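Since the structure comes first, as structure tokens, the remarks are kept for the end.
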Amino acid sequence: MFQAFAKFRQRISSGPRDKQALAFLRVCTGLFYLYTGNQKLSNPHFEATLARILKDWAIHSPYPIYRQFLEHVALPHIHHIGLLVTDGELGIGLSYVLGLFTQLSAPCAVFMHANYLLGSQQNGPAATGINVAFMLIAITLFWAR
2 MFQAFAKFRQ RISSGPRDKQ ALAFLRVCTG LFYLYTGNQK LSNPHFEATL
52 ARILKDWAIH SPYPIYRQFL EHVALPHIHH IGLLVTDGEL GIGLSYVLGL
102 FTQLSAPCAV FMHANYLLGS QQNGPAATGI NVAFMLIAIT LFWAR
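In the working numbering, the protein residues as written are 2 to 146.
In structure tokens, the structure reads:
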């Protein structure tokens with residue numbers, strides 16, 4: 002195992018610094034997604050919590066079309082939405098950490114955070130900022146190939 006880690010470290014550290022920085026950003030972001038996905042997966046009350054959050058988003062959403070989506074699509078299918086959120090975060094995280102299918106997972110991350118942004122925008126600049134930041138990271142990883 003130590004030999005495999007040493008080879009990986011040598012391969013990463015021997016490349017250009019811009020590629021090293023992108024790899025570091027990709028892996029750290031992937032670990033964050035794995036952490037948040039695992040938190041949702043291990044929480045037996047996640048579905049109820051998600052339903053409460055989506056109801057709050059629907060009440061306070063400044064976008065009528067997004068409110069309609071939450072009320073008529075997301076909330077009636079909360080179980081499936083919960084699976085999509087959890088599996089999406091775990092899938093994106095695994096993809097980023099391993100460096101596989103980043104071209105596919107990065108647009109999924111943009112889509113996921115665009116939905117988070119539309120729903121949580123009324124929660125203030127911190128909620129907006131974190132979602133915009135993760136969207137920019139995903140766009141950067143997609144662009145960098």
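Just so it is clear, CB atoms sit at the ideal spot from N, CA and C, and this is done for glycine as well. What you are looking at is a predicted structure, and each value in this text was computed from that prediction instead of being measured.
Residue from the options with nearest C-alpha to residue i
i	options	result
Gly36	Leu118, Gly125, Val86 and Ala127	The question names Gly, but residue 36 in the sequence shown is Tyr. Residue Val86 is the option with its Cα nearest to Tyr36.
His81	Ala59, Ala49 and Leu95	Ala49
His61	Gly125, Thr103 and Phe112	Gly125
Asn132	Ala7, Phe3, Gln11 and Tyr34	Tyr34
Ile140	Gly120, Ser121, Gln123 and His114	His114
Thr30	Gln11, Thr129 and Ser96	Ser96
Asp57	Ser121, Leu142 and Thr129	Ser121
Extent of the continuous alpha helix (DSSP H) run through residue i
i	result
Glu90	Ile79 to Leu99
Ala75	Ala75 -> no alpha helix (DSSP H), and no H or E assigned at all.
Ser121	Thr103 to Ser121
Pro126	Pro126 to Ala145
Leu55	Phe47 to His61
Ala65	According to the sequence provided, residue 65 is Pro. The question's Ala does not apply to it. Pro65 to Phe70 is the extent of the alpha helix (DSSP H) around Pro65.
Asn39	Arg18 to Leu42
With 16 other Cβ atoms within 10 Å as the buried cut-off, status of residue i
i	result
Phe135	buried
Arg27	buried
Trp144	exposed
Phe54	The sequence as given places Ile at residue 54; Phe does not occur at that position. Result: exposed.
Ala110	buried
Ser43	exposed
Ala107	buried
Ala127	exposed
Gly83	buried
Leu32	exposed
Ser15	exposed
heavy atom of the ligand MG below 7 Å from residue i C-beta
i	result
Gln11	Looking at this structure, you won't find the ligand MG or any other ligand, since it has none at all.
Chain D within 8 Å of residue i, Cβ atoms only
i	result
Pro65	Note that chain D does not occur in the displayed structure, where there is just one protein chain.
*Can you find at least 3 beta carbon pairs, one from the segment 64–79 and one from the segment 14–21, that sit closer than 8 Å?*
As far as the Cβ criterion goes, the segment 64–79 does not touch the segment 14–21, which means the pair count is below three.
_Contact between the segment 38–54 and the segment 81–95 (3+ Cβ pairs under 8 Å)_ = Judged by Cβ distances under 8 Å, the segment 38–54 makes contact with the segment 81–95, as three or more pairs qualify.
*Does the segment 89–102 come close enough to the segment 67–78 to have 3 or more Cβ pairs within less than 8 Å?*
Cβ pair count under 8 Å is below three, so no.
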